[in-house]
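Residue numbers (the numbering used here), protein chains in the order written: chain A, 1 to 522; chain B, 1001 to 1159.
Data first, discussion second: the structure below is written as structure tokens.
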């Protein structure tokens, strides 16, 4: 209870003028990056990461919360209006949202998406505030062998989530784990895998890896996009104009969907967020499947059912709260964005885990409240104030935007490390990740491997040293056994869940392609 | 570019390259010390396990890729490979930027970098004047962002 009150006390810090300014700045950066196809809120936080070095931790975290929440929401804007999801988590939104748009109900679809995102985000943040203290208490009871099994569980889930490319996820994760071992050994004063290069003695900075794997590789991918084609696809947005009053569904329409639809999607999103590596895309798939399953009119899904938009958008924003629980209480990121947020904490020398709540409550409390506030302000800011202008974001000159991002990204490594060598490593990682991404090797697994690798190695070696080399230590400690049993359960259950969401994903993509072909023919 | 060898494709080359990297990594570790000495784990134990796991995954991917290619055998003897020229040019631009950054510094290099980037990203060389102006404005804004707002100093030609 004390911790909950401390978190609530963080509200005062969020409402300090400078922090509030950072929150809104983050919010609009998130909207911008989320709405533009190819850019994501994760990329926005990657670019902001080096800048946070000179900011106060509290302000940096508050700004990141704004980016995170708004970025996931705004992916729905282009998904609905031009059938191009601004973020991967909005693919399911495009399915019904764009169908509503074609029926002349685009503004209403955005209204449903905004209301769903606000409710999902708020419930996710509230659950985060309520559950975190419990998770911390639980985390404090886990001993070293249990911690190893927990990290092992996280890595196994990250691999099993990637049902189509499981071996590829193994490769990405192990590459991340290997890169994390470069530099001084964590337990002995021995240099490892430096290949005689003194610049590698301190290892590769996490910012270097994050910028390379996410920002630079994305810039290489985007280089192949035809500029004229991009202009043609986004030109549809130029002809669309919304009035504020069109955003709001009527009371009857609200009643037809029901409050339970929002609650169900929020709970699904939150719990999927807690799973390592799952993320907002999976939440929206699962929530959409569930909404369709329980609907009285499942045949309307995919043809412009508001329930589909609500299910997808509510759950993907609820993920934000869920994904922060394992990251803050156990030091295990729930998705790519929280992995980068963990990087922000590490920049300040703060290691996420149960002690965070004791030692850094002054920074963590406002962060929680910032997440809650950015979810709550989604509604007034988007529907009453800026909503009609969001569509203009896609009019931004792509060449100007991407060249500015490229300069900020490449300088970001220098700003974080003051090392040209690290800049070079960042470009090299970007090139490697570009080729891996082209073959559908997941880059999130790579970065989670980088972050979890040192923890896993430390817990493994400590446990085996204490047990004089006996692996039985992992099967005789109750906390470790619990995590190993959960790991086995997930190995059995995840592939089944994945099969369903894959089928739906394939259907959604097929439908989007069909619509695009129709558009081209017209 | 047209090639006749069906196995020279990214689904084979990528895992093969990663496997080579993992093998070099494992060999480097084993030169440092054995994974277990006197019943105690050493600094190379964990990396060796990870490298082995990576090699196994790469072998699985290679087998899968070769099987797929064999299944398609006879469908097309000669394939055309699309070289991602723009992606390669972007990589080259970034590499040049990194190599010259300490020597030429931000003020000299940044506008050229932004201009080059816009030229690569555009479909054809056009609106050169506008691109030059954009390059100067973007560089100035990024300079203000980093040096003024966040107090980060970049190398300059004049030291």
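Built from N, CA and C at the ideal position, the CB exists for glycine as well.
- Counted as a single uninterrupted DSSP element, the alpha helix (DSSP H) harbouring residue 206 of chain A occupies residues 206-210.
- Shown here, residue 191 of chain A sits in a strand according to DSSP, grouped into three states.
- Taking the Cα positions, residue 177 of chain A is about 23 Å away from residue 50 of chain A.
- Contact with chain A is found for residue 1014 of chain B, since one of that chain's Cβ atoms lies less than 8 Å from the residue's Cβ.
- Contact annotation for residue 1039 of chain B against chain A: 468 and 469 [CB-CB distance below 9 Å, chain order].
- The closest CA to that of residue 319 of chain A, considering only A/392, A/284 and A/470, is found on A/284.
- Of all residues in the stretch 157-189 of chain A, only 167, 168, 170, 171, 174, 175, 177, 178, 181, 185, 187 and 188 place a beta-carbon less than 8 Å from a beta-carbon of chain B.
- Across the set A/482, A/380, A/435 and A/368, the C-alpha of A/368 shows the shortest separation from the C-alpha of residue 128 of chain A.
- Between residue 276 of chain A and the set A/160, A/216 and A/14, the nearest pair of CA atoms involves A/160.
- In terms of Cβ geometry, residue 70 of chain A and residue 30 of chain A form a close pair [threshold 8 Å].
- When rounded, the separation of the alpha-carbon atoms in residue 1058 of chain B and residue 1006 of chain B is 19 Å.
- Here residue 1140 of chain B is exposed, its C-beta having fewer than 16 other C-beta atoms within 10 Å.
- By the beta-carbon neighbour count (other beta carbons within 10 angstroms, threshold 16), residue 64 of chain A is buried.
- Selection A/366, A/466 and A/349 evaluated against residue 8 of chain A yields A/366 as nearest (Cα-Cα).
- Here residue 378 of chain A is near residue 117 of chain A, since their CB atoms are less than 8 Å apart.
- In summary, residue 408 of chain A is buried, with 16 or more beta-carbon neighbours lying within 10 Å of its beta-carbon over all protein chains present.
- Taking 8 Å as the cut-off, the beta carbon of residue 265 of chain A is found closer than this to the beta carbon of residue 310 of chain A.
- Within the model, the alpha-carbon separation for residue 256 of chain A versus residue 296 of chain A is close to 11 Å.
- Against chain A, a Cβ distance below 7 Å from residue 1090 of chain B picks out 219, 220 and 223.
- The distance from the Cβ of residue 211 of chain A to that of residue 336 of chain A is about 13 Å, inconsistent with a contact at the 8 Å cut-off.
- Residues of chain B whose Cβ lies closer than 9 Å to the Cβ of residue 402 of chain A are, in chain order, 1117, 1118 and 1121.
- Contact holds between the stretch 89-99 of chain A and the stretch 298-308 of chain A, because three or more Cβ pairs, one in each stretch, are under 8 Å apart.
- Here residue 131 of chain A has 325 as same chain residues with Cβ atoms under 7 Å from its own Cβ, once five neighbours each way along the sequence are excluded.
- Secondary structure note for residue 1058 of chain B: its alpha helix (DSSP H) is the uninterrupted segment 1045-1072.
- Between residue 1108 of chain B and residue 1157 of chain B, the C-beta spacing is below 8 Å.
- Non-local C-beta neighbours of residue 243 of chain A in its own chain, meaning closer than 8 Å and more than five positions away in sequence, comprise 107 and 388, ordered along the chain.
- For residue 254 of chain A, the enclosing alpha helix (DSSP H) has its first and last residue at 251-257.
- Under the Cβ distance rule, residue 1095 of chain B counts among the residues neighbouring chain A, one pair being separated by less than 8 Å.
- Using a Cβ distance threshold of 8 Å, residue 370 of chain A and residue 317 of chain A do not count as a contacting pair.
- Taking the CA atoms as reference points, residue 1121 of chain B sits about 12 Å from residue 1091 of chain B.
- Taking the Cα positions, residue 169 of chain A is about 17 Å away from residue 487 of chain A.
- Contact of residue 1047 of chain B with chain A by beta-carbon distance below 9 Å involves 177, 178, 181, 192, 193 and 457.
- Straight through space, the alpha carbons of residue 467 of chain A and residue 485 of chain A are spaced by roughly 21 Å.
- For the stretch 11-22 of chain A, the beta-carbon criterion of a distance under 9 Å to any beta-carbon of chain B is satisfied by none of its residues.
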